[in-house]
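Per the numbering used here, residue 352 is the first one in the sequence shown, and the count goes up by one each step.
Ideal Cβ placement from N, Cα and C applies to all residues, glycine included.
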Amino acid sequence: MSQTIHIKGAREHNLKNLDVVLPRDRLVVVTGLSGSGKSSLSFDTIYAEGQRRYVESLSAYARQFLEQMGKPDVDSIEGLSPAISIEQKSTSHNPRSTVGTVTEIYDYLRLLFARVGRPFCVNCGQPITAQTVQQMVDAIGALPVGSKFQILAPIVRGRKGEYRKELADARRAGYVRARIDGTIVGLDESIALDKQRKHTIEIVVDRLVMKDEESLERRLADSVETALKLTQGLVGVLGETDEVTLYSEQLACITCGVSYPELAPRVFSFNSPHGACPACDGIGYEVSACPEGQEYSETYRCPVCRGTRLKAESLAVKVGDKSIAEVTQLSIREAVPFFADLELNERERMIGRRILKEIRERLEFLLNVGLDYLTLDRAAATLSGGEGQRIRLATQIWPGLVGVLYILDEPSIGLHQRDNHRLLQTLLRLRDLGNTVLVVEHDAATMRVADHIVDMGPGAGVYGGSIVAQGSPAEVMRHPDSLTGQYLRGEKRVALPARARRAGKFLTVVGVDKHNLQSVTAKFPLGLLTCVTGVSGSGKSTLMLEVLFPSLSSVLYHRRPRMEGCRALKGADALDKVIDIDQSPIGRTPRSNPATYTGVFTFIRDLFAGLPESRVRGYKPGRYSFNVKGGRCEACQGGGLLKIEMHFLPDVYVTCEACKGRRYNRETLDVRHKGKSIADVLDMTVAEAQDFFEHIPAIARKLQTLADVGLHYVKLGQSATTLSGGEAQRVKLSRELSKRPTGRTLYLLDEPTTGLHFADVQRLLDVLNRLVEHGNTVLVIEHNLDVIRNADWILDLGPDGGNAGGRIVDEGPPAELIKSGTSWTAQVLREEG
């Protein structure tokens, strides 16, 4: 097999007819400026071709059920292995999915509880056992030799009535005696029972004396079987002490008389009616609308199952003194020692050995990718993109596949520097198994342990798409033209602020009580750049996005504000607006683009509508919109492309023949400004448009903000669906920059450095500082050390993740933390200088 992957003539998106040779069975890092072509090479070319070849090897019938990818724009790829892509995306939006179900650990837990679980009665808490006839005979046979005992069939247990028919039936069947309410009576006697009192009636099936003889064992087995038939599975043994020992053929409480279903994996599934809580159908919570104008809907824990999702009968089964719900409520860090120290008898160990091996291995892998703080019952929909990616990374190691090409998108995102080495060890282990690991990454530590680096550039968008340098980390660091190399060797650094801004007034969140945050009071200085830091799972997102943002939004925008997860907010009167600038797409359809989102297209359409030719023809601004009838091409309805469904093959998008992909009809395109039609303008990059509209202030101002956030390479009409998460976030930032500053806005950003090169981080900091200089408050959740060093204030949560976190460990200016901080963040800042 070839020792390299050879890509020839890659032209996908902005790639400049690249020829690349990558070593196989190595850790390869692809880096470069945002928009330089990293994802185009890694995902849209290499992975797409690997996936296409796999799908094409399947039958036409199988292909129709799979997502099919078109052939990338590349001449050839040689030496390509089967490819697996592990991207940053939400693990699942299904409310039933949890960390346990996604990792398949919960499937093994269900099997473990079904096979070695010990059921207890829901009502009285007594152990429940189901026994075979042979087991019952063996248990009775343990009585001392010479002891007298009777085999009883309990036909009535603690119920009111006279039971004349039942007694008469027993008499006709040839039985002579019965034990009624603890007294032996003859069935030939006249028996009158008070129908208002509860009675227990046990038919005497046999009376025996224990002997060490084989004939007695046969007779005992016959008597037990007879009693079981009379009672539908229950038999009693009355010894010389007048105490009755009960044995059950079914899972039933011999004290309460309540039967339980046979233990099977489905009994522990909250997706099955056999196991799901009947009140919430296995969701674990219920939603109710607030009666006051229906302004809010409230989610609350199911009062029946208390959020565990399961029936009471399922929760009454224990392994190691814990129910399956209690096991899933353990963090990964706590679950590892629980299963390591689990005490089972010899029979249970034999049955559960392989199941426990699978569970322990999966937990160890989750531990190794820095997810020790997660619990198995954590809803998958609440995981960040980075957490979801690391879970998928852990699941890939379990099968131990060899000869696979793994492609990952910034696996270090969301991971504190303290935990980064464990992730790197996981990547190296994947490589050492005999796989090629291709990582799109900007983390310096990952680059330094890589076997091979590909540095894309030299710019972004149309200015990128080439390989500036490639080779070992040492070779890239020595390359004179590599921007990445300059940062790695310390020649360039992200600049620190010239002077420190001091805190004045504060926004204070009082009494935060949500998830692992318990009675926390956090204060954020107004008019400054604050970095919220801490190890993964310490409570950063909970504090900022689940408590502060909804509570502050309620205070600022609603007449009847209510606090979400906290007791009070102090200092909110200094603010007018709160804006969460996240990395979600700026539009869900290809029609959305940077020009429409930032509002610059409104000014461009007004400009074209004001041209003499437009006035003569009576064209209004709406004529230049590709979303409404009038000026757009009706053949493609302004999309520029037509979708051709191919059923067994990937859908094909072809350029519209009527407008040749230009979106507008011929009459609209006839109107030109400085020789350019409206379609020509949409095809310009931001940098080209800046030159074209430099004398029109309203347009130039909007374009300048896009350039300021580093999006000079993006085309004005570029589809929103082709923008990365980081690019989408910067488009949103540019829109905020272009607004008239009020100085009373609070901006929230969650890891804005995702997808950013060292040089892009500098540009991001410049933008954030501009927002602060206008008097606004900027709060950032971040692990990037350059951003943390540039902050005016740091709020560090910890000291660890999950239940070991949720407290404020350090707060104050970076200089103070470096000098005397006790948190992991302070320690890393000191070590990194």
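In terms of DSSP beta bridges, what is residue 749 paired with?
Along the sequence shown, read from residue 1 onward, the residue named residue 749 stands at position 398. Answer is none; residue 749 lacks a bridge partner.
Three-way DSSP call (helix, strand, coil) for residue 979 in this model:
Looking up residue 979 in the sequence shown gives position 628. Coil at residue 979, not helix or strand.
Any Cβ of chain C within less than 7 Å of the Cβ of residue 874?
The structure shown contains no chain C, having only a single protein chain.
Let me know the secondary structure DSSP gives residue 853 once reduced to three states.
As a first step, residue 853 must be located in the sequence shown, where it is residue number 502. Of the three classes helix, strand and coil, the one that applies to residue 853 here is coil, per DSSP.
Does the beta-carbon of residue 600 have 16 or more other beta-carbons within 10 angstroms, so that it is buried, or is it exposed?
As a working note, residue 600 is residue 249 in the sequence shown. So residue 600 counts as buried.
CA-CA distance, residue 902 and residue 884?
For the purposes of this step, residue 902 is identified with residue 551 of the sequence shown, where counting begins at 1. For the purposes of this step, residue 884 is identified with residue 533 of the sequence shown, where counting begins at 1. Near 21 Å, if we compare the C-alpha coordinates of residue 884 and residue 902.
Can you name, in chain order, every residue of its own chain whose Cβ lies under 6 Å from the Cβ of residue 450, other than the five neighbours on each side?
Within the sequence shown, the letter at position 99 stands for residue 450. Hits under 6 Å: 725, 727 and 729.
If you follow the beta strand (DSSP E) that residue 1098 is part of, which residue opens it and which one closes it?
Locating residue 1098 in the sequence shown gives position 747, counting from the first residue. Taken as a continuous stretch (DSSP letters only), the beta strand (DSSP E) holding residue 1098 covers 1096-1101.
From 522, 432, 651 and 668, residue whose alpha carbon lies closest to that of residue 474
Against the sequence shown, residue 474 aligns to sequence position 123. Here the closest residue by C-alpha is 668.
Exposure of residue 651, with buried meaning 16 or more beta-carbon neighbours within 10 Å
What you label residue 651 is simply residue 300 of the sequence shown in a count that begins at 1. By the 10 Å Cβ count, residue 651 comes out exposed.
Please classify residue 638 as buried or exposed, where buried requires at least 16 other C-beta atoms within 10 Å of its C-beta.
Translated into the one-based positions of the sequence shown, residue 638 becomes position 287. The residue in question, residue 638, is exposed, as its Cβ has fewer than 16 Cβ neighbours within 10 Å.
If you follow the alpha helix (DSSP H) that residue 346 is in, where does it begin and where does it stop?
Outside the shown range of the chain (352 to 1184) lies residue 346, about which nothing can therefore be said.
With a Cβ-Cβ cutoff of 7 Å, do residue 1118 and residue 1060 count as a contact?
Looking up residue 1118 in the sequence shown gives position 767. Looking up residue 1060 in the sequence shown gives position 709. Taking 7 Å as the Cβ cut-off, residue 1118 and residue 1060 qualify as a contacting pair.
Give me, in chain order, the residues of the same chain whose beta-carbon lies closer than 6 Å to that of residue 504; leave out the 5 immediate sequence neighbours on both sides.
Reading the sequence shown from its first residue, position 153 is the one you call residue 504. So the qualifying residues of the chain are 554, 556, 578, 581 and 582.
Pair within 7 Å by beta-carbon distance, residue 881 and residue 1130:
Here residue 881 refers to the residue found at position 530 when the sequence shown is read from its first residue. Here residue 1130 refers to the residue found at position 779 when the sequence shown is read from its first residue. For residue 881 and residue 1130, yes; Cβs fall inside 7 Å.
Between residue 1030 and residue 1039, what straight-line distance do the alpha-carbon atoms span, to the nearest angstrom?
Counted from its first residue, the sequence shown places residue 1030 at position 679. Counted from its first residue, the sequence shown places residue 1039 at position 688. If I take the Cα positions, the gap works out to 14 Å.
Identity of the residue in 592, 519 and 562 nearest residue 533 by Cα
Your numbering for residue 533 matches position 182 in the sequence shown. Closest by alpha carbon: 592.
Report the partner residues of residue 598 according to the DSSP bridge assignment.
Within the sequence shown, the letter at position 247 stands for residue 598. Answer is 586.
Which two residues bound the contiguous beta strand (DSSP E) that contains residue 529?
For the purposes of this step, residue 529 is taken as residue 178 along the sequence shown, with counting starting at 1. Taken as a continuous stretch (DSSP letters only), the beta strand (DSSP E) holding residue 529 covers 528-531.
Please classify residue 407 as buried or exposed, where buried requires at least 16 other C-beta atoms within 10 Å of its C-beta.
Looking up residue 407 in the sequence shown gives position 56. Result: exposed.
Evaluate residue 396 with the Cβ neighbour count: other Cβ atoms within 10 Å of its Cβ, from every protein chain shown; 16 or more gives buried, anything less gives exposed.
Here residue 396 refers to the residue found at position 45 of the sequence shown. When all chains shown are included, residue 396 counts as buried.
For residue 1147, write down the residues that DSSP places opposite it in a beta bridge.
By 1-based counting over the sequence shown, the position of residue 1147 is 796. Beta-bridge pairing links residue 1147 to 884 and 1161.
Contacts around residue 671, its chain only, beta-carbon distance under 6 Å, and the 5 residues preceding and following it disregarded
Locating residue 671 in the sequence shown gives position 320, where the first residue counts as 1. Taken in chain order, the residues that qualify are 693.
Taking just the CA atoms, how far does residue 619 sit from residue 820?
Here residue 820 refers to the residue found at position 469 of the sequence shown. Here residue 619 refers to the residue found at position 268 of the sequence shown. Taking the straight line joining both Cα atoms gives about 55 Å.
Sheet register partners of residue 400 (DSSP bridge)
Mapped onto the sequence shown, residue 400 falls at position 49. Looking at the DSSP assignment, residue 400 forms no beta bridge with any residue, so it has no partner.
Three or more C-beta pairs below 8 Å linking the stretch 659-668 and the stretch 462-478
yes
Closer than 8 Å by C-beta to residue 1079: which residues in its own chain qualify, once you throw out the five before and the five after it? Chain order, please.
Within the sequence shown, numbered from 1, the residue matching residue 1079 stands at position 728. The answer, listed in chain order, is 934, 935, 936, 937 and 1071.
Inter-residue spacing [alpha-carbon to alpha-carbon] between residue 644 and residue 911:
Numbered from its first residue, the sequence shown carries residue 644 at position 293. Numbered from its first residue, the sequence shown carries residue 911 at position 560. The pLDDT assigned to residue 644 is 43, lower than 50, so where the model puts this residue is not dependable; a value taken from the coordinates is nonetheless given after this. Answer to the nearest angstrom: the Cα atoms are 11 Å apart.
Of all the options 543, 799, 1083 and 414, which has the alpha carbon lying nearest to the alpha carbon of residue 944?
By 1-based counting over the sequence shown, the position of residue 944 is 593. Here the closest residue by C-alpha is 1083.
Quick one: measure Cβ to Cβ for residue 1087 and residue 932, integer angstroms, because I've assumed they're closer than 8 Å.
Taking the sequence shown and counting its residues from 1, the one referred to as residue 1087 is at position 736. Taking the sequence shown and counting its residues from 1, the one referred to as residue 932 is at position 581. The pair is a contact, with the Cβ atoms about 7 Å apart (cut-off 8 Å).
Please report the straight-line C-alpha distance between residue 709 and residue 459, rounded to a whole angstrom.
Taking the first residue of the sequence shown as position 1, residue 709 is located at position 358. Taking the first residue of the sequence shown as position 1, residue 459 is located at position 108. Looking at the two C-alpha atoms, the distance is approximately 8 Å.
Assuming residue 1254 contacts residue 687 under a Cβ cut-off of 8 Å, what Cβ separation, rounded to an integer in Å, is found between them?
Only positions 352 to 1184 of the chain appear in the structure, and residue 1254 is not among them; the question remains open.
Enumerate in chain order the residues of its own chain whose CB-to-CB distance from residue 918 is below 6 Å, with the five nearest sequence positions on each side excluded.
Residue mapping note: residue 918 aligns to position 567 of the sequence shown, counting from 1. Cβ neighbours of residue 918 beyond the five flanking positions: 861 and 862.
Once you ignore the five residues that flank residue 788 on each side, which residues in its own chain have a CB closer than 6 Å to its CB?
Indexing the sequence shown from 1 puts residue 788 at position 437. Answer for residue 788: 378, 757, 778, 781 and 782, listed in chain order.
DSSP on residue 1118, reduced to helix/strand/coil?
For this step, residue 1118 is matched to residue 767 along the sequence shown. It is helical.
Straight-line CA distance for residue 373 to residue 355?
Residue mapping note: residue 373 aligns to position 22 of the sequence shown, counting from 1. Residue mapping note: residue 355 aligns to position 4 of the sequence shown, counting from 1. Straight-line Cα distance between these residues: approximately 5 Å.
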